[in-house]
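Top to bottom, those sequences are chains A and B.
Residue numbers for the first sequence, in my numbering: -5 to 108.
Residue numbers for the second sequence, in my numbering: 15 to 121.
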Amino acid sequence: GAVVSQHPSRVICKSGTSVKIECRSLDFQATTMFWYRQFPKKSLMLMATSNEGSKATYEQGVEKDKFLINHASLTLSTLTVTSAHPEDSSFYICSARQQGGGYTFGSGTRLTVV
Amino acid sequence: GIQVEQSPPDLILQEGANSTLRCNFSDSVNNLQWFHQNPWGQLINLFYIPSGTKQNGRLSATTVATERYSLLYISSSQTTDSGVYFCAVINAGKSTFGDGTTLTVKP
Chain A
-5 GAVVSQHPSR VICKSGTSVK IECRSLDFQA TTMFWYRQFP KKSLMLMATS NEGSKATYEQ
55 GVEKDKFLIN HASLTLSTLT VTSAHPEDSS FYICSARQQG GGYTFGSGTR LTVV
Chain B
15 GIQVEQSPPD LILQEGANST LRCNFSDSVN NLQWFHQNPW GQLINLFYIP SGTKQNGRLS
75 ATTVATERYS LLYISSSQTT DSGVYFCAVI NAGKSTFGDG TTLTVKP
């Protein structure tokens, strides 16, 4: 079945630094990928839609300059959290649409900013 | 936007018991999926079920799109079933998640 690989699974960074999270579709091409954020004991909130070869579409309230998304190939989308602050600490998950219509999710990245 | 409500929010079961989780949504949807998020945060796809009924082992799901709800059945629950169960509806290419049902299965 369709597999989405997300790395790293866990990262700790200092305030003010940037962190890049990768999302790869391993056995299929994904022209569109999605990035979600999950706060503790909360649901997943869609942050942005990543489109291969074009600019990402951000949801209302998501800072595009803070969360940079690049989808340079049909199998890779990256999310860079720039100038990270402790309030950016969260669980970030990507997903890609399968051919059959459902969505496959990566295993998530737990970001802690200290 | 579309609203997704899951019930119950929390559920505690004894091992071996059966349960039904519900997902109501406020508008027509193209797709619906059920996920299990394990204690490590990993989201596991359980069912992609825009309509009808599917079964996979001890789990089954039914979506009645015309009445805007979906049900997830867990039979003979095991401790490894513990975690959060999310339903997500997909409309116009965007997924909206419910708040989840936190299931605890006690041995």
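Yeah, the Cβ is synthetic: ideal placement off N, Cα and C, and Gly gets one too.
All figures in this text were calculated on a predicted structure; none of them were measured in a lab.
| task | Spatial neighbours of A:S101 within its chain, please: CB distance less than 7 Å, with the 5 preceding and 5 following residues excluded, ordered by chain position. | result | Q0, S3
| Listed from N- to C-terminal order along the chain, which residues in the region 75 to 94 of chain B have their beta-carbon within a distance smaller than 9 Å of any beta-carbon of chain A? | none
| query | How many Å lie between B:V18 and A:R91 at the Cα? | reply | 20 Å
| field | Contact under 8 Å by Cβ, B:G112 with B:Q20 | value | yes
| If you follow the beta strand (DSSP E) that A:H65 is part of, which residue opens it and which one closes it? | 61 to 67
| query | Roughly how many angstroms lie between the CA atoms of A:S77 and A:S12, to the nearest whole one? | reply | 5 Å
| Can you list the residues of chain B that A:G102 reaches, using a CB-CB cut of under 8 Å? | G55, Q56, L57
| What's the gap between the Cα of B:L85 and the Cα of A:F85? | 27 Å
| message | Check whether chain B comes within 8 Å of A:Y97, counting only Cβ atoms and requiring the distance to be less than that. | response | yes
| DSSP three-state assignment for B:D24, whether helix, strand or coil | strand
| request: Pull out every residue of the region 26 to 46 of chain A whose Cβ sits closer than 9 Å to any Cβ of chain B, in chain order. | output: T26, F28, Y30, Q32, K35, K36, S37, L38, M39, L40, T43
| Quick one: is B:Y62 near chain A, going by C-beta distance under 8 Å? | yes
| task | For B:A79, name the three-state secondary structure that DSSP assigns. | result | helix
| Contact check, B:R3 vs B:Y87 under 8 Å by CB: the rounded distance? | This structure gives no information on residue 3 of chain B, because the portion of chain B shown stretches from 15 to 121.
| field | Neighbourhood of B:F49 by C-beta, 8 Å cutoff - its chain only, sequence neighbours within 5 removed | value | L57, I58, N59, L60, Y99, F100, C101, A102
| request: Measure the alpha-carbon distance for A:H79 versus B:K120 and round it to whole angstroms. | output: 38 Å
| request: Would you tell me roughly how many angstroms separate the C-alpha atoms of B:T116 and B:L27, rounded to the nearest one? | output: 11 Å
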